[in-house]
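Chains as they are written, first to last, in our numbering: chain B, 190 to 360; chain Z, 177 to 293.
C-beta: ideal position from N, C-alpha, C; glycine also.
In this text the structure is predicted, and so the values were computed from the model without any measurement.
Remarks on the structure that follows.
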Amino acid sequence: MNVAESSVPLPKEPRHQRFADLVLIGKPLVDAYLEAGFKCSRATANANAKKLRKRADVEAYIRAIQSKAADDSTLSVNEILRYCARVVRTPITKLDPRNPEDENGDLIKSYSINETETGSSFRIEKQDPFKAIDTHLTLSGHNPEADAMAGLVSALTLLSSKSTTLPTDRM
Amino acid sequence: MNTTDENHPPALDTSPAAILKMREFLARVVRTAPAAIKITGNPETDENTDLLTANVDPEDKADGVLYASLCKLTAMEIDSILAGHTPGDLLPDGQPDLERGALMFSQFVGNPPNLYP
Numbered sequence: 190m191n192v193a194e195s196s197v198p199l200p201k202e203p204r205h206q207r208f209a210d211l212v213l214i215g216k217p218l219v220d221a222y223l224e225a226g227f228k229c230s231r232a233t234a235n236a237n238a239k240k241l242r243k244r245a246d247v248e249a250y251i252r253a254i255q256s257k258a259a260d261d262s263t264l265s266v267n268e269i270l271r272y273c274a275r276v277v278r279t280p281i282t283k284l285d286p287r288n289p290e291d292e293n294g295d296l297i298k299s300y301s302i303n304e305t306e307t308g309s310s311f312r313i314e315k316q317d318p319f320k321a322i323d324t325h326l327t328l329s330g331h332n333p334e335a336d337a338m339a340g341l342v343s344a345l346t347l348l349s350s351k352s353t354t355l356p357t358d359r360m
Numbered sequence: 177m178n179t180t181d182e183n184h185p186p187a188l189d190t191s192p193a194a195i196l197k198m199r200e201f202l203a204r205v206v207r208t209a210p211a212a213i214k215i216t217g218n219p220e221t222d223e224n225t226d227l228l229t230a231n232v233d234p235e236d237k238a239d240g241v242l243y244a245s246l247c248k249l250t251a252m253e254i255d256s257i258l259a260g261h262t263p264g265d266l267l268p269d270g271q272p273d274l275e276r277g278a279l280m281f282s283q284f285v286g287n288p289p290n291l292y293p
């Protein structure tokens, strides 16, 4: 896996990276400096933290993380929502695993090809449309289970306000 | 990612750099079509084999019998937790639950297939 490979220039000193990480999550400079493991008074930390923040490798690291987090190397909410919609709307017959240029190739979960003397056949598994709907609803701020429960409570409340006795399934 | 014995859960790296690397990997999982996974018989010229699921037989892969990539919808779910996109998965202070996301990521990636034992 390529996760270990980094395109972000890391500061050489581990405490410097720790300091930068704390700054990135919004810690004040002086607190970040002390939490990174430097032992000194708060006044000294205040002065040193400002210098450390301006160090070239620390600056480059913070800038790289901030810029990459905002570029297209990661997924945006809109991209995920669009993908989920494509999973639901694209019929499986539109998918061709033998064509690397197929624009819907990213919707294929797995495929197998059987080559025989008389020709070839293939089997495709598409991404699960129901899970895509679930992901879409969750990211849109809906909680399908909570919404269903809220609907049930609302219906029961309405029913109980109209009648003194709730209906049963027995006569 | 650190690994320890079964009695001690691995210490997960949730630094911004580590989270960014996880999210970049998850974006590749989502965007890469299985047809773009190339097994050439030479690790130098393979493409995207780190996106394969672990239960792929290298012999089958070489014959083009089965191509199965890591699940894209699960990758999206983990990315949403790491990025804090899912309101229901945020911590009480409104921050992304990085510990949970990183743990899910490590379980998701698991052990990559050993194509050249």
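Quick one: residues in its chain with C-beta nearer than 6 Å to the C-beta of residue i, no 5 flanking neighbours on either side, listed in chain order?
i: L280 of chain Z; result: According to the sequence provided, residue 280 of chain Z is Met. The question's Leu does not apply to it. Excluding residues within five positions, the ones whose Cβ falls inside 6 Å are I254.
i: N293 of chain B; result: T279, K283 and L284
How many Å lie between residue i and residue j at the Cα?
i: A212 of chain Z; j: E200 of chain Z; result: 17 Å
i: R207 of chain Z; j: A339 of chain B; result: 36 Å
i: A203 of chain Z; j: K228 of chain B; result: 40 Å
i: G217 of chain Z; j: K240 of chain B; result: 51 Å
i: L188 of chain Z; j: L211 of chain B; result: 16 Å
i: E223 of chain Z; j: I215 of chain Z; result: 7 Å
i: Y272 of chain B; j: I322 of chain B; result: 10 Å
i: D295 of chain B; j: G277 of chain Z; result: 23 Å
i: R275 of chain B; j: E268 of chain B; result: 11 Å
i: P290 of chain B; j: H205 of chain B; result: A small fix is needed here, since residue 290 of chain B is Glu in this sequence, not Pro. Going by the C-alpha atoms only, they are around 45 Å apart.
i: D260 of chain B; j: L196 of chain Z; result: 11 Å
i: R231 of chain B; j: L270 of chain B; result: 47 Å
i: P318 of chain B; j: L326 of chain B; result: 12 Å
Start and end of the beta strand (DSSP E) containing residue i?
i: I214 of chain B; result: That residue, I214 of chain B, is in no beta strand (DSSP E); it is neither H nor E in DSSP.
Can you name, in chain order, every residue of its own chain whose Cβ lies under 7 Å from the Cβ of residue i, other than the five neighbours on each side?
i: L297 of chain B; result: According to the sequence shown, residue 297 of chain B is Ile rather than Leu. Taken in chain order, the residues that qualify are L284, P286, I313 and K315.
i: I281 of chain B; result: I313 and K315
i: T262 of chain Z; result: S256
i: A193 of chain Z; result: none
i: A225 of chain B; result: R204, R207, F208 and L211
i: V277 of chain B; result: P318, A321 and I322
Would you call the CB atoms of residue i and residue j closer than 9 Å?
i: L246 of chain Z; j: L258 of chain Z; result: no
i: D265 of chain Z; j: S256 of chain Z; result: yes
i: A209 of chain B; j: V266 of chain B; result: no
i: S191 of chain Z; j: R207 of chain B; result: yes
i: L264 of chain B; j: M198 of chain Z; result: no
i: T324 of chain B; j: L249 of chain Z; result: yes
i: G260 of chain Z; j: P272 of chain Z; result: yes
Please go through the same chain and pick out, in chain order, the residues whose beta-carbon is closer than 8 Å to the beta-carbon of residue i, but skip the five residues on each side of it.
i: L213 of chain B; result: I251, I254 and Q255
From what residue to what residue does the alpha helix (DSSP H) around residue i run?
i: F319 of chain B; result: P318 to L328
i: T233 of chain B; result: R231 to K243
i: K315 of chain B; result: Here K315 of chain B belongs to no alpha helix (DSSP H); instead the beta strand (DSSP E) covers G308 to K315.
**Study point:** Segment contact flag, the region 197 to 206 of chain B with the region 247 to 258 of chain B, C-beta cutoff 8 Å, min 3 pairs
**Key:** yes
Check your understanding: Are there three or more Cβ pairs, one per stretch, closer than 8 Å when the region 235 to 242 of chain B is compared with the region 206 to 222 of chain B?
Key -> Contact between the region 235 to 242 of chain B and the region 206 to 222 of chain B is present, because at least three Cβ pairs lie under 8 Å.
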